[in-house]
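Colleague: Its first residue numbered 0, the sequence shown is counted upward by one per residue in numbering that gives the first Met the number 0.
For glycine and all other residues, C-beta sits at the position ideal for the given N, C-alpha and C.
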Amino acid sequence: MVSIEGERLFRSAIAALAQVAGKGDPLLVELMVSDLLGTALAATDPCDPDEDRVVEELAGLLARRAARERTPEALVLLRALAAAGPRKAAAGAREAARVLAASGVVPPPGMDGIGGAAFEGAWRVTHPFGDQDAVLVAFRHPGRPPHLVSVLVDRNLGGIAKDIGVTDRPAEVLEAWRRHPEFAVEPIDVAEAAGRIRAAVGVWRLYHEPPAGDDVPARIPFVLGRLRGVPDTWRPQPERGWSEEEREELVEAFLASPEARRSRQAPDVLQEVAEAGVDYLCDEGAGDPLRWNPVAVELFLLDWCPRKLAARDEVVEGFPAALRALVRFTGRRAGLAAHLIAETTRAVDRFRWEFAEAMRDPRRFGPAKAMILAMLAEGVDVGDPEAVQRWVDDFNARPFEERARLLPVP
């Protein structure tokens with residue numbers, strides 16, 4: 000039995016499908032059903048161990064109701080659910096579509112190709128900054144022009160699927176990428192394309208509020224459905240890790256560099272900025288401390304530093320100049336073009352004033368930073384473990400109002 004709400008949803012989907020199917024393009028139908036399933040995906044709790052549960056329930060409800068409806072539109076819906084639905088619901092929809100077709104129900108003209116797009120090629124687009132990649136995959140329905148799926152992977156944010164697009168002009172898009180002097184376009188096999196896209200979608204799922212385009216959840220069912228038959232065999236090359244010793248050597252090299260000398264900043268300021276910047280890029284950025292870019296600068300100055308870095312006033316004041324020097328030094332070491340280095344240093348200038356305000360705003364502090372600043376304000380030697388423990392014990396015994404004043408909750 001389908002609830003009143005479920006029946007209303009089914010009727011709405013059937014009415015929309017009737018209009019879209021009339022255009023004779025199976026791609027439009029697949030995207031429409033993916034949009035529908037994406038509304039459930041966007042509402043999924045990232046802490047739910049069964050991450051596909053809500054989408055499975057919606058797809059299963061629609062498939063069961065469509066199986067009882069002997070109409071061409073119901074057959075179209077079932078085939079689209081088989082193409083874009085999660086694995087369990089897709090299998091049920093596929094079987095229901097087979098039964099419906101065997102009973103004599105005929106789909107509208109052009110709708111036989113739903114779920115039948117064949118792989119035509121894949122490419123990876125990279126930039127010298129190393130912070131974002133685009134994975135492009137071309138498909139073609141029988142008797143239709145090819146189309147291109149593009150997934151933007153943002154390594155500044157852990158490799159998240161930042162944006163997903165679909166276009167019916169793959170040749171034009173590829174040519175535009177190839178003409179751009181700063182991007183490299185390389186062909187990859189379908190297993191690598193699928194592996195990179197699945198990994199990026201997996202990162203997207205980890206976020207409660209993903210820092211990605213609003214269209215991403217609407218496209219994920221479509222993209223994963225297209226890749227369902229591709230074996231999960233590709234694995235990325237292990238990231239080059241930077242040991243503590245290597246990080247220290249990089250900081251020392253910076254301190255001895257002409258870029259550091261020209262900054263006219265005190266050695267302790269340069270060192271503190273360099274250590275923070277190297278740790279940020281290695282641990283929370285794209286993984287390479289030589290690859291600064293404008294987005295990394297913004298995240299470092301306006302999120303990581305205010306949240307984690309308990310810096311003295313003189314360090315905050317000299318931070319932008321020291322960071323510009325670090326960007327120039329690492330850019331030279333990485334072999335980046337001069338205009339790319341300049342673009343990144345301009346980002347430092349663009350965010351310097353907001354950075355200074357954020358470093359003084361307790362609402363931006365992380366718990367560890369807020370606690371360290373509270374200790375320092377009360378004269379505690381944070382390098383003395385026993386003194387720190389005495390302060391923590393005393394702090395925990397204080398009234399709630401006093402603790403909240405010292406460590407405000409954002």
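Would F138 and V148 qualify as a contact pair, given that the criterion is a beta-carbon distance under 8 Å?
Modeller: Locating residue 138 in the sequence shown gives position 139, counting from the first residue. Locating residue 148 in the sequence shown gives position 149, counting from the first residue. Yes, they are a contact pair.
Colleague: Distance, Cα to Cα, G431 vs A92?
Modeller: The structure shown does not extend to residue 431, since the chain spans only 0 to 409, so no value can be given for it.
Colleague: Looking only at C-alpha atoms, which of T343, P384 and R311 sits nearest to L461?
Modeller: Nothing about residue 461 can be read from this structure; the chain reaches only from 0 to 409.
Colleague: With a CB to CB cut of under 6 Å and the five nearest residues on each side skipped, what residues in its chain are close to D153?
Modeller: On the sequence shown, residue 153 is found 154 positions in, with the first residue counted as 1. Contacts found: Q131, I159 and K161.
Colleague: Leaving aside the five residues before and after V250 along the sequence, list all residues of the same chain whose C-beta is less than 8 Å from its C-beta, in chain order.
Modeller: Numbered from its first residue, the sequence shown carries residue 250 at position 251. These residues qualify, in order along the chain: Q270, A273, E274 and V277.
Colleague: Can you name, in chain order, every residue of its own chain whose Cβ lies under 7 Å from the Cβ of L61, other than the five neighbours on each side?
Modeller: For the purposes of this step, residue 61 is identified with residue 62 of the sequence shown, where counting begins at 1. Here the set comprises F9, A12, L76 and L80.
Colleague: Does the structure place the region 103-114 close enough to the region 18-29 that three or more beta carbon pairs sit under 8 Å?
Modeller: Yes: the two stretches touch, three or more of their Cβ pairs being nearer than 8 Å.
Colleague: Going by DSSP in three states, M0 sits in which element: helix, strand or coil?
Modeller: Within the sequence shown, the letter at position 1 stands for residue 0. Here M0 scores only 44 on pLDDT, less than 50, and its place in the model should not be relied on; the value that follows carries that caveat. Coil.
Colleague: Just to confirm my understanding: we take G224, look at its own chain, exclude 5 residues before and 5 after, and list those with CB closer than 6 Å. What are they?
Modeller: Sequence index remark: in the sequence shown, residue 224 carries index 225 (1-based). Cβ neighbours of G224 beyond the five flanking positions: A82 and A83.
Colleague: Is the region 169-181 in contact with the region 195-211, if contact means three or more CB pairs nearer than 8 Å?
Modeller: Contact between the region 169-181 and the region 195-211 is absent, because fewer than three Cβ pairs lie under 8 Å.
Colleague: Judging by CA-CA distance, which residue of A285, V391, I113 and P361 is the nearest neighbour of E29?
Modeller: Locating residue 29 in the sequence shown gives position 30, where the first residue counts as 1. Answer by Cα proximity: I113.
Colleague: Any chance the CB of A100 is under 7 Å from a heavy atom of the ligand NAD?
Modeller: What this structure holds is no ligand at all, so the ligand NAD is not there to describe.
Colleague: Could you tell me the alpha carbon to alpha carbon distance between H179 and G157, rounded to whole angstroms?
Modeller: In the sequence shown, counting from the first residue as 1, residue 179 sits at position 180. In the sequence shown, counting from the first residue as 1, residue 157 sits at position 158. About 26 Å.
Colleague: Just confirm the distance between the C-beta atoms of L74 and L35, as a whole number of angstroms; I'd bet it's less than 8 Å.
Modeller: Translated into the one-based positions of the sequence shown, residue 74 becomes position 75. Translated into the one-based positions of the sequence shown, residue 35 becomes position 36. Contact doesn't hold; Cβ gap of about 17 Å is too wide.
Colleague: Alpha helix (DSSP H) containing L289: first to last residue?
Modeller: Taking the sequence shown and counting its residues from 1, one reaches residue 289 at position 290. L289 -> no alpha helix (DSSP H), and no H or E assigned at all.
Colleague: Suppose the cutoff is 7 Å on Cβ atoms and the five residues either side in sequence are ignored; what does the same chain contact list for D51 look like?
Modeller: The residue you call residue 51 lines up with position 52 of the sequence shown. Contacts found: P85.
Colleague: Just to confirm the assignment, what range does the alpha helix (DSSP H) spanning G91 have?
Modeller: As a working mapping, residue 91 is identified with position 92 in the sequence shown. Its alpha helix (DSSP H) spans residues R86 to A101.
Colleague: May I ask you to report which of helix, strand or coil DSSP gives S11?
Modeller: The residue labelled residue 11 in the question sits at position 12 within the sequence shown. Three-state DSSP puts S11 in a helix.
Colleague: Please state whether DSSP places L135 in a helix, a strand or coil.
Modeller: The residue given as residue 135 occupies position 136 in the sequence shown. Here L135 sits in strand by DSSP.
Colleague: Just the C-alpha distance for M0 and V53, rounded to the nearest angstrom, thanks.
Modeller: Taking the sequence shown and counting its residues from 1, the one referred to as residue 0 is at position 1. Taking the sequence shown and counting its residues from 1, the one referred to as residue 53 is at position 54. With a pLDDT of only 44 at M0, under 50, the local geometry of the prediction cannot be trusted, and no value is derived from it.
Colleague: Can you grab the Cα-Cα spacing for the pair E208 / A41, in whole Å?
Modeller: Stepping through the sequence shown from its first residue, residue 208 is reached at position 209. Stepping through the sequence shown from its first residue, residue 41 is reached at position 42. One C-alpha to the other measures close to 9 Å.
Colleague: Classify H449: buried if its beta carbon has 16 or more other beta carbons within 10 angstroms, exposed otherwise.
Modeller: Within the shown structure, residues of the chain are numbered from 0 to 409, placing residue 449 beyond reach of any answer.
Colleague: What residue ranges within the region 105-177 form continuous beta strand (DSSP E) runs of no fewer than 3 residues, ordered along the chain?
Modeller: Within the region 105-177, the complete beta strand (DSSP E) runs of at least 3 residues are 117-125, 131-139, 145-153 and 159-166.
Colleague: Distance, Cα to Cα, E55 vs A90?
Modeller: In the sequence shown, the residue the question calls residue 55 occupies position 56. In the sequence shown, the residue the question calls residue 90 occupies position 91. Roughly 11 Å separates the two Cα atoms.
Colleague: Below 8 Å on the Cβ atoms is my contact criterion, and I expect R78 with A96 to pass it. Report the Cβ-Cβ distance as a whole number of Å.
Modeller: By 1-based counting over the sequence shown, the position of residue 78 is 79. By 1-based counting over the sequence shown, the position of residue 96 is 97. Yes, R78 and A96 are in contact; Cβ-Cβ is about 5 Å, under 8 Å.
Colleague: Return the chain-ordered ranges of every alpha helix (DSSP H) run that is complete within the region 318-399 and spans a minimum of 4 residues.
Modeller: Segments of the alpha helix (DSSP H) lying fully in the region 318-399: 337-358, 366-376 and 384-395.
Colleague: Can you check which of these residues, P186, R168 and A116, is closest to T125 by C-alpha distance?
Modeller: If you number the sequence shown from 1, residue 125 lands on position 126. The shortest C-alpha separation from T125 is found at P186.
Colleague: Looking at A259 and L226, is the spacing between their C-beta atoms short of 8 Å?
Modeller: For the purposes of this step, residue 226 is taken as the residue at position 227 of the sequence shown. For the purposes of this step, residue 259 is taken as the residue at position 260 of the sequence shown. No, these two residues do not count as a Cβ contact at 8 Å.
Colleague: Taking the CB atoms as reference points, tell me whether V294 and P319 lie closer together than 8 Å.
Modeller: Against the sequence shown, residue 294 aligns to sequence position 295. Against the sequence shown, residue 319 aligns to sequence position 320. Contact flag unset, no.
Colleague: Cα-Cα, which of A121, V222 and R64 is closest to D188?
Modeller: Within the sequence shown, residue 188 is the residue found at index 189, counting from 1. It is A121.
Colleague: Taking L301 and F253 to be in contact with their CB atoms under 8 Å, please state how far apart those CB atoms are, rounded to whole angstroms.
Modeller: To locate residue 301, count along the sequence shown from 1; it is residue 302. To locate residue 253, count along the sequence shown from 1; it is residue 254. That pair is no contact at about 22 Å.
Colleague: So the alpha helix (DSSP H) V229 belongs to, where does it begin and stop?
Modeller: As a first step, residue 229 must be located in the sequence shown, where it is residue number 230. Looking at the DSSP string, V229 is not in any alpha helix (DSSP H), and its letter there is neither H nor E.
Colleague: Evaluate E72 with the Cβ neighbour count: other Cβ atoms within 10 Å of its Cβ, from every protein chain shown; 16 or more gives buried, anything less gives exposed.
Modeller: Taking the sequence shown and counting its residues from 1, the one referred to as residue 72 is at position 73. Label assigned to E72: buried.
Colleague: Assuming V268 contacts A341 (C-beta within less than 8 Å), just tell me the rounded distance between them.
Modeller: As a first step, residue 268 is located in the sequence shown; it is residue number 269 there, counting from the start. As a first step, residue 341 is located in the sequence shown; it is residue number 342 there, counting from the start. Contact doesn't hold; Cβ gap of about 23 Å is too wide.
Colleague: Here's a check: name, in chain order, each residue in its chain whose Cβ is nearer than 6 Å to the Cβ of L289, leaving out the five neighbours to either side.
Modeller: Residue 289 sits at position 290 when you count from the first residue of the sequence shown. The residues are T329, R332 and A333.
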